[in-house]
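Participant: Sequence positions in the sequence shown follow my numbering and run 15 to 109. From the three backbone atoms N, C-alpha and C, an ideal C-beta is built for every residue, glycine too. Note that the structure is a prediction, hence the values are computed from the model and not measured. Take a look at the following structure, please.
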Amino acid sequence: TTENLTGIYEQVQVEQLNIFPNPSGGTARLSFHSRSKGHVKVIVSDITGRQFATIFDGIMMIGNQELLIPAMPSGIHLLKMETRTGVLVRRFVKL
């Protein structure tokens with residue numbers, strides 16, 4: 015699957031975005047393929063917007079990437095990936 019993050023200036027593609035295992039009873043993993051180099055921030059929050067963790071905030075290189083999502087309270091959570099050109103949100107469940 016290819017996700018297009020649309021912004022004002024250009025379009026960035028993130029491919030093969032997966033959170034596994036989902037649902038998770040402990041640590042989960044986020045994997046994806048970055049088609050461009052640039053600043054990326056990945057935040058985990060609950061569905062009310064309360065932020066639990068920033069799992070990445072820096073320069074992401076081109077290629078396959080994998081990040082750990084730490085253990086956190088049970089419930090439905092949102093993973094938000096921000097770039098300068100757009101935002102991608104995925105929902106996942108912690109048991």
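Three-state secondary structure (DSSP) at Ala42?
Facilitator: As a first step, residue 42 is located in the sequence shown; it is residue number 28 there, counting from the start. Note: Ala42 maps to strand in three-state DSSP.
Participant: Return yes when the Cβ of Asn78 is within less than 7 Å of the Cβ of His47, no when it is not.
Facilitator: Position 33 of the sequence shown holds residue 47. Position 64 of the sequence shown holds residue 78. The answer is yes: Cβ separation under 7 Å.
Participant: Determine the DSSP secondary structure at Met74, reduced to helix, strand or coil.
Facilitator: Counted from its first residue, the sequence shown places residue 74 at position 60. Of the three classes helix, strand and coil, the one that applies to Met74 here is strand, per DSSP.
Participant: Under 7 Å, do Gly39 and Leu109 count as touching if we go by C-beta distance?
Facilitator: For the purposes of this step, residue 39 is taken as residue 25 along the sequence shown, with counting starting at 1. For the purposes of this step, residue 109 is taken as residue 95 along the sequence shown, with counting starting at 1. For Gly39 and Leu109, yes; Cβs fall inside 7 Å.
Participant: Which residue comes first and which comes last in the beta strand (DSSP E) that contains Ser59?
Facilitator: In the sequence shown, the residue the question calls residue 59 occupies position 45. It spans Gly52 to Asp60 - the beta strand (DSSP E) in which Ser59 sits, taken as one unbroken run.
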